[in-house]
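Trainee:
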Amino acid sequence: MPGTDDPSLLCPACGTKQNVSPGSAGQEEYARTCISCGFFMKLRLQQGASDGVTFTVNGTQITVGDEFNPATSLNEYLRRTGVSRGTKQLCIEGGCGVCLVAVKLYDPVSATSQVYAVNSCLVQLYMCDGWEITTIEGLGNVRTGLHAIQKRLTKYNGAQCGFCSPAQVMNMYGLLQRNPTPTMQQVRTPTISTWCYSTGYRPILDAMKSFASDAPPSLQGGMIDIEDLNPKMCKKTGERCEGKCNNKKDKKSCSSARQRNSGSLSNVGARAGWFKPTTLQELYTLLHQHRADNHRLVSTIYIHWLCSVFKEIGPWMYNILIDVKGIRELYRIEFTPSLVWGANLTLTNIHDLCDKARSNASLPYAAVFAEHIKKVANNGVRNADHGHVIAGFNMKIDKTNNCTVLQRPTIVFQGINGTLVNSLSMLNMELTPASDPLLASADYRRSTAVSFFYKYVLDVCGDKVAQRYRSGRTSLVRPVSSAKHSYDTRQEEWPLNQPITSIDADYLVSGMSRYLDDVPLEPGELHAAFVLSTQGNAEIASMDAQLALSLPGVLRFIQASDIPPGGKNSFSTFTSASEEILCSGRVEYAGQPIGIIVADDPQMASTAASMVRVTYRNVQPPLLDLRTAINQKSFFPNQEDPVIRGDPDSAIKQSPRRLTGSVEIGDQYHFYLESQSSRCAPNDTGGMDVRATTQWVDIIVRVVADILNIPVSSVNLEVERLGGAFGGKVTRNPIVSGACALAAYIMQRPVRLVMDLHTNMKALGKRHSVIAEYEVGFTEEGKLNGIKVTYYDDCGYSDADAFLSYVTTFVDSSYFCPNWNFTSVAVKTNKATNTACRSPQGVPAQFMIETIMEHIAKTLNKDPTEIRKNNFYQEGQFSLNGSKLENCNIGLVVSQLETSSDFEARKRQVAEFNQANRWRKRGISLVPTRYGIGWGAHYSVFVAIYNSDGSVAIEHGGIDMGQGISTKVAQVCAYELGVPLSLIRVKKNSSTANANSTFTAGSMGSDLCSLGVIQCCQQLKANMAPVRMRMPTAPWKDIVSECYRSGIDLSAHAFTNPFSQYHSRYSVYTAAVAEAEVDVLTGQSQLNRVDILYDCGESLSPEIDLGQMEGGFMLGLGCHLLEESKYHPTTGALLTDGTWEYKPPLPKDLPVDFRVSFLRNAPNPLGVLRSKATGEPTVPLSSVAVFAIKHAVEAARAEIGQDTYFTLNSPALVQHVQTACQVKPEQLTFGN
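The sequence shown lines up with residues 1 to 1232 when you count with UniProt numbering.
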């Protein structure tokens, strides 16, 4: 739209630019004939239009002209310019919530300016005109002082890997700005906005609930003072004001009044234009003027439905973008005579309107709408999930006349494709759900739709319904969650065993900690993106990158043939299996990397990669289903030998009781919030300097050296921290770093390759899915005699990461059986190579053995807990992998848990509840776990004491990814040297100082790096002993200085290589009790309570260990109850490749009552300083939730005479639970 300072406009007919004479300035209308096509135009000139946007960030005014592409998001602007690198990026679709910032906007509902937390990835830069934006840097930092919210998150140990911490803080900041005295219930809903796979959410929720007006005394901290909520910011620096300057010319402001009164905006760049009309008339004029252009209307209202803002609305798609957010008419709000909501209202606006209208008798559905909107998307998106089935009913009913429907009713279903007629008895036949590979089965959606209508009928008919049946009227209502913790600590040994938060927590919560992609770009640094195959099980016929290379800033397309002579196109360096970095011809799966695009901008690189045209030949149907692959005998040639103990065939044959069965468990994406990334730069000695998000330094340097055909010693790698990993960065980052190194070598410039979430999910594997078939012989008391298992493992297209030799460490769990035959089968499918995921093989193996325990119990009609206890390992017995079980205390753990959880009384209460309710059922289960911890690894550890001040630096071979390894080694070092923890600093990992270190995984990293620190400290103490003897009372600093003057070495190196007689150094014993409640009609479930008792030995760091246990348990709940991958049946493409279709656990999935205790007085003589590991054992323990839900389903099936054994596979998704309940239309009565 032309402005008064722009002497040109475009012809509405041909688009040719017209010069406007200076004398036309100030005129409202302009008439002339087009200089190109002759079209006579008469247009109204827009007065006061701006050619740029002005906003503030942390109080500093910023004006942006046309130097950015109109598709650029606020998030990309903040990060690219360095204004805020604490604001993170991952999904670029509003799902993960790590990009939250606070913005002050004009709210049409309240007619005031309000602060909201919004997803900056969904907001385009040029939408921000007049906004007041606050990022994490604007709240506080370690240097100038933390904000109260940042302090509270640190206090409650809410930062583990820390990648999500800035967004968690900004989310709470936005809430407290609008409501400084919220209740815990009001706090709970916004916290769903940002995902966290590390903490399990509990400490984050506790930190935020501590600000609530009704917070219990156990949540210390109190409500926030208004002065603490709004710290004064320096207009010059953008940081917290320190009162050192008073320069008026630096104190710029950008009032929200600009938002209310801002005029039209015109911003026409070289390739695209951005317009912001302020009236509908202006919009109509623009639409007419640009009717021949590729134009699109944009608004923060619906921008979040785009998978990627930049890809969807870039200049190659649209050259005209029209922002309708400034049009006042589109904020219309009317309640009478009919309900009218303007198109510019956000979901948050609509929720607030409905919430305020709850008492309005003319809008009886307002409260229902308000509650439903809470279930849509997340708070940050609502400010800027579809269900399988959604239903709405509106009827006028005469309750005095047998609930007669007086007027034509309104019945709405989403997720169903059909026309509704006739009564409830016909509804089941009338509904015809459409087929969709992303949705649940048609049968489930039909059944749930009928159940929704039945719920409505039960609700409106009230007292006419029998008491037992009234439980079907509403869905499960989740109360505010709570948590309790119990552990010992020995103050005389502090800082060892001291309950502290992460040593870098303050830096994490303030956004000061930098992850790989937060590091500023070097001059000339480029960006790379993978080109992925779109078809699996085929061959590449051709690749055409011409269109991609035509995009501005796109520099190079790289393929396998570009690998330098002698370079190896493989990243499987430690196995015999081969996996190509870039596909050279045969495409094994959809999503396989087949090329690399290099560009000067990350979004342009990603977009260009999607525009490379690939054709295929010899296309075969992709093999995607594990059961189908088993039937087709798609097995890898080299299989593990069976593990046989005793004579299982005879034992089973001679047993008085025998059974057979099978059980399945699905895959699981790791969902680390920091995506797989690498940065490579050629150095001046012919080598490569690398930074990578890896759990294994050695494999990266080797892969980079191999692909470039250079010595490993020429590769320099550094790793400081990871934003989560969960096993997914052990062997999968090498494909990223290898490709990045290749691009840097070819371009001879630094290159950064940061995989976007969709690429990450498509290209890289997940947890192994498994089908286990079993045959068991046992006594009448349920004692195991013999077990035979065939364990089919979906490895994907390669068995490089099968890990099947590890299964016998976990498959027997807590149970002794004298006769075993365990056979594993590595199965090939057309998927990405599946890999380690937190407790690899432990999760499926232990789910299988617990399923066997449940099957035996049902067969014998006995309590499953009784069967479990009858088969517990005893002291001194040997596990299936040959490890001697010393200090075996699983019986003690279970006995104490039964008492502390009031297990027997609660079983009776559950039975009473089930007797009183037809459509709600509860189940309770107790599951134990024995988890073997192996020490088969080695780490290089270096400790140095600085002579000038006595401070200590540690470099260890482990990778800190949020598990607290650096905090633990620091505590151990301080304890061993007898110095304050404040003197210890842990440095980044490097391929030189920590050469030849093993991967950090298997819960052994903290153990062995702490062991290495102890060995270093022993060397240092021995070196320093003569001086200490001469100066027994001298301060530490003086002793260190004297050692230096005496020529004593103040550094030490250790290489941990501990000898262990058995495969497992020791076992962790833990158990959990879970109580679940199920809505039989829909399959919805929730965990009302979970109790965990964990044998941690003597914890090195109780708060760190507690966070690991809770986080592991929640990750396991995601695997067992929520997460599922789906693939396109023809191409094999992953359909659940983002946050809108893949569903990891959220805060609402926490147990309502979550209690975790450490076993007391249980030192571990085989561990480091009497401790035990905590990273993985609670992940398989989470299967207790499946069995609690299964017991609730059994109660529902007993109502219809179907109380027989059935298998509830994992994940026990809502549709699987409802289907298992066997709800039929004829059961849907009033119960009278």
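Glycine included, C-beta positions come from ideal geometry on N, C-alpha and C.
With distances taken Cα to Cα, identify the nearest neighbour of Gly1175 among Asp960, Val169 and Leu431.
Mentor: Comparing Cα-Cα distances from Gly1175 to each of Asp960, Val169 and Leu431, the minimum goes to Asp960.
Trainee: Quick one: give me the first and last residue of the alpha helix (DSSP H) that Ser165 is part of.
Mentor: Run containing Ser165: Ser165 to Arg178, per the alpha helix (DSSP H) assignment.
Trainee: Ignore the nearest five residues each way along the sequence and tell me which others in Ser198's own chain have a CB closer than 6 Å to its CB.
Mentor: Answer for Ser198: Gln160, Cys161, Gly724, Gly962 and Gly1111, listed in chain order.
Trainee: Per DSSP, Lys788 forms a beta bridge with which residues?
Mentor: Glu775 and Asn821, per the DSSP bridge assignment.
Trainee: Going by the CB atoms, is the gap between Ser165 and Gly97 shorter than 7 Å?
Mentor: No, the Cβ-Cβ distance between Gly97 and Ser165 is not below 7 Å.
Trainee: Would you grab the beta carbon distance between Asp1095 and Thr1131 for me? Rounded to a whole angstrom, and I think it's under 8 Å.
Mentor: So it is not a contact: roughly 48 Å between Cβ atoms.
Trainee: Candidates Gln168, Gly222, Arg868 and Ser966: which alpha carbon is nearest Pro182's?
Mentor: The candidate whose alpha carbon is nearest that of Pro182 is Gly222.
Trainee: Could you give the distance in angstroms between the alpha-carbon of Ile597 and the alpha-carbon of Asn709?
Mentor: Those two C-alpha atoms are separated by around 22 Å.
Trainee: DSSP state of Val893, grouped into three classes?
Mentor: Looking at Val893 - three-state DSSP - the assignment turns out to be helix.
Trainee: Any heavy atom of the ligand ZN closer than 6 Å to the Cβ of Gly936?
Mentor: This structure does not include the ligand ZN; it has no bound ligands of any sort.
Trainee: Is the number of C-beta pairs between the region 542-552 and the region 100-120 that are closer than 8 Å three or more?
Mentor: Touching, no.
Trainee: In whole angstroms, give me the CA-to-CA distance for Asn157 and Ser1046.
Mentor: Cα-Cα distance, rounded: 43 Å.
Trainee: Spatial neighbours of Pro682 within its chain, please: CB distance less than 7 Å, with the 5 preceding and 5 following residues excluded, ordered by chain position.
Mentor: Met688, Ala744, Tyr745 and Gln748, listed in sequence order.
Trainee: On the CB-based measure, 16 or more other CB atoms within 10 Å of its CB, does Tyr201 come out buried or exposed?
Mentor: Its Cβ being crowded by 16 or more others within 10 Å, Tyr201 is buried.
Trainee: Val893 to Leu1159, Cα distance in whole Å?
Mentor: Each residue's Cα considered, the two are about 7 Å apart.
Trainee: Do you know how far the Cα of Gly94 is from the Cα of Thr607?
Mentor: Cα to Cα, Thr607 sits roughly 18 Å from Gly94.
Trainee: Using 7 Å as the limit for Cβ to Cβ distance, is Thr573 near chain B?
Mentor: The displayed structure is made up of one protein chain only, and chain B is not part of it.
Trainee: Check the DSSP bridge columns for Gly392 and list the partner residues they point to.
Mentor: Paired residue(s): Val412.
Trainee: For Thr56, which of helix, strand or coil comes out of DSSP?
Mentor: Here Thr56 sits in strand by DSSP.
Trainee: Nearest-angstrom Cα distance between Asn319 and Asn349?
Mentor: Cα to Cα, the separation comes out at about 31 Å.
Trainee: In terms of alpha-carbon separation, which member of Pro1058, Val1078, Leu280 and Phe903 lies closest to Glu329?
Mentor: Residue Leu280 is the option with its Cα nearest to Glu329.
Trainee: In whole angstroms, what separates the C-alpha of Leu1213 from that of Gln1222?
Mentor: Spanning the two alpha carbons is a distance of roughly 15 Å.
Trainee: Verify whether the separation of the beta carbon atoms of Ser1067 and Ser1171 is less than 7 Å.
Mentor: Taking 7 Å as the Cβ cut-off, Ser1067 and Ser1171 do not qualify as a contacting pair.
Trainee: Does Ala528 come out as helix, strand or coil in the three-state DSSP assignment?
Mentor: Looking at Ala528 - three-state DSSP - the assignment turns out to be strand.
Trainee: For Ser1101, collect the residues of the same chain with a Cβ closer than 8 Å to its Cβ; drop the 5 residues on either side in sequence, then sort them by chain order.
Mentor: If we look at Ser1101 and ignore the five residues flanking it on each side, its Cβ neighbours are Asn497, Gln498, Pro499, Ile500, Gly964, Thr967, Lys968 and Gln971.
Trainee: Helix, strand or coil for Ala1054, going by three-state DSSP, please let me know.
Mentor: Of the three classes helix, strand and coil, the one that applies to Ala1054 here is strand, per DSSP.
Trainee: Taking the C-alpha atoms as reference points, what is the distance between Ala343 and Arg332?
Mentor: Going by the C-alpha atoms only, they are around 8 Å apart.
Trainee: Distance, Cα to Cα, Gly23 vs Glu137?
Mentor: Note on Gly23: pLDDT 46, under 50, position unreliable in the model; the coordinate value appears next. Going from the Cα of Gly23 to the Cα of Glu137 covers about 48 Å.
Trainee: Pull up the CB-CB distance for residue 1260 and Val1090, whole angstroms please, since I reckon it's below 8 Å.
Mentor: What is shown of the chain runs 1 to 1232, which leaves residue 1260 out entirely.
Trainee: Within 10 angstroms of its Cβ, does Ala466 collect 16 or more other Cβ (buried), or is it exposed?
Mentor: Exposed: under 16 other Cβ atoms inside 10 Å.
Trainee: Measure the CB-CB distance between Ala1188 and Ser925 and report whether it falls below 7 Å.
Mentor: Contact flag set, yes.
Trainee: So Thr87 and Asn69 are in contact, right, with Cβ under 8 Å, and what is the actual spacing, rounded?
Mentor: With a Cβ gap of about 19 Å, Thr87 and Asn69 do not count as contacting.
Trainee: So, for Arg657: in the same chain, excluding its five sequence neighbours on each side, which residues have a beta-carbon less than 6 Å away from its beta-carbon?
Mentor: Around Arg657: Phe778.
Trainee: Quick one: using the 10 Å Cβ neighbour count with 16 as the cut-off for buried, is Thr474 buried or exposed?
Mentor: Thr474 comes out exposed.
Trainee: Using 8 Å for Cβ pairs, my map puts Met512 next to Leu551. What's the rounded Cβ distance?
Mentor: Wrong, their Cβ atoms sit about 35 Å apart, outside the cutoff.
Trainee: How many Å lie between Asn861 and Trp696 at the Cα?
Mentor: Cα to Cα, the separation comes out at about 49 Å.
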